[in-house]
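This report refers to the structure that appears directly beneath it.
Numbering (the working numbering), first residue to last: 20 to 299.
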């Protein structure tokens with residue numbers, strides 16, 4: 020193989036969900052940098068790859084391990100990077116290593132494969148053409164709600180990862196910020212033995228989670244339907260217009276708001292008239 024860092028996606032549950040190319044790379048790699056060497060050894064042995072040299076690389080040692088990987092590349096070796104499940108550097112360790120390897124002048128080669136987010140989207144039935152992958156929300160309630168409020172107006176399907184011990188409080192925050200009518204899909208234990216995919220409105224979500232303790236177990240992908248497009252001005256254009264009207268005559272405020280926001284001039288003008296009338 021070429022002397023390079025190979026970023027290898029591994030199964031997220033079912034060990035058969037690995038590509039032929041990934042097996043070839045793992046079998047031929049001089050060194051495999053792994054988030055947990057025990058998990059990776061189990062995967063390798065399952066596929067008959069038992070003699071690989073393993074190097075621990077996880078979130079607590081990634082910078083130091085990156086120096087070791089670069090040293091191996093400088094010696095002409097090739098290195099494969101894997102995490103416990105899914106694609107490295109996507110809500111998992113690896114981004115620091117990839118950046119360091121690229122900065123050192125070596126090639127980084129992606130070996131695509133399993134992704135919990137994409138697998139969940141494919142089975143969700145949510146038909147929005149775009150999605151926004153967020154990953155893990157903040158652990159603390161205040162920071163989590165603040166992050167969700169920043170996403171509230173997005174029209175895209177929102178994709179989150181969540182751990183079982185936070186699923187109830189996270190779902191409560193989703194309902195509080197997005198409202199009871201938004202749809203949510205709980206994709207739990209995707210590709211694993213107890214996989215389940217449940218779709219409902221956020222107003223019904225906590226009742227479903229509490230109806231069976233098993234519904235709260237396992238790793239979750241949460242898919243939340245995007246905001247429904249509202250008629251008239253969006254929130255950003257509205258805020259901009261209000262601020263400009265406080266400092267400028269109506270006509271100038273509308274003209275500048277059009278340039279800043281790109282919103283429709285007639286809609287801005289009519290909204291400006293309404294705001295002026297309400298203030299009188």
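Backbone N, C-alpha and C fix where the C-beta goes; we use that ideal spot for every residue, glycine too.
{"Asked": "Under 8 Å between C-beta atoms of residue 178 and residue 242", "Found": "yes"}
{"Asked": "Candidates 164, 170 and 129: closest to residue 246 by CA position", "Found": "170"}
{"Asked": "Burial state of residue 192, where buried means 16 or more other Cβ atoms lie within 10 Å", "Found": "buried"}
{"Asked": "Length of the line joining the Cα atoms of residue 237 and residue 97", "Found": "35 Å"}
{"Asked": "Segment contact flag, the region 139-148 with the region 101-116, C-beta cutoff 8 Å, min 3 pairs", "Found": "no"}
{"Asked": "Span of the alpha helix (DSSP H), counted from its first residue to its last, around residue 89", "Found": "81-93"}
{"Asked": "Residue from 67, 88 and 184 whose Cα sits closest to the Cα of residue 35", "Found": "67"}
{"Asked": "Straight-line Cα distance separating residue 196 from residue 286", "Found": "27 Å"}
{"Asked": "Supposed contact pair residue 39 and residue 1 - C-beta distance, whole angstroms, cut 8 Å", "Found": "Outside the displayed range of the chain (20 to 299) lies residue 1, so it cannot be described from this structure."}
{"Asked": "Residues of its chain near residue 292, where Cβ-Cβ distance is below 8 Å and the 5 sequence neighbours each way are ignored", "Found": "269"}
{"Asked": "Residue 155 versus residue 231 - alpha carbon distance", "Found": "24 Å"}
{"Asked": "Element boundaries [beta strand (DSSP E), containing residue 181]", "Found": "176-181"}
{"Asked": "Classification of residue 93 by the beta-carbon crowding that lies within 10 angstroms, buried from 16 upward", "Found": "exposed"}
{"Asked": "Proximity below 8 Å, CB of residue 182 to CB of residue 203", "Found": "no"}
{"Asked": "contact_flag[the region 37-54, the region 76-93] where n(CB pairs < 8 Å) is 3 or more", "Found": "yes"}
{"Asked": "Where the beta strand (DSSP E) through residue 202 begins and ends", "Found": "202-207"}
{"Asked": "Cβ-Cβ separation, residue 211 to residue 46 (assumed contact under 8 Å), whole Å", "Found": "With a Cβ gap of about 25 Å, residue 46 and residue 211 do not count as contacting."}
{"Asked": "Classification of residue 213 by the beta-carbon crowding that lies within 10 angstroms, buried from 16 upward", "Found": "exposed"}
{"Asked": "Cβ-Cβ separation, residue 130 to residue 261 (assumed contact under 8 Å), whole Å", "Found": "Contact flag wrong, Cβ pair sits at about 51 Å."}
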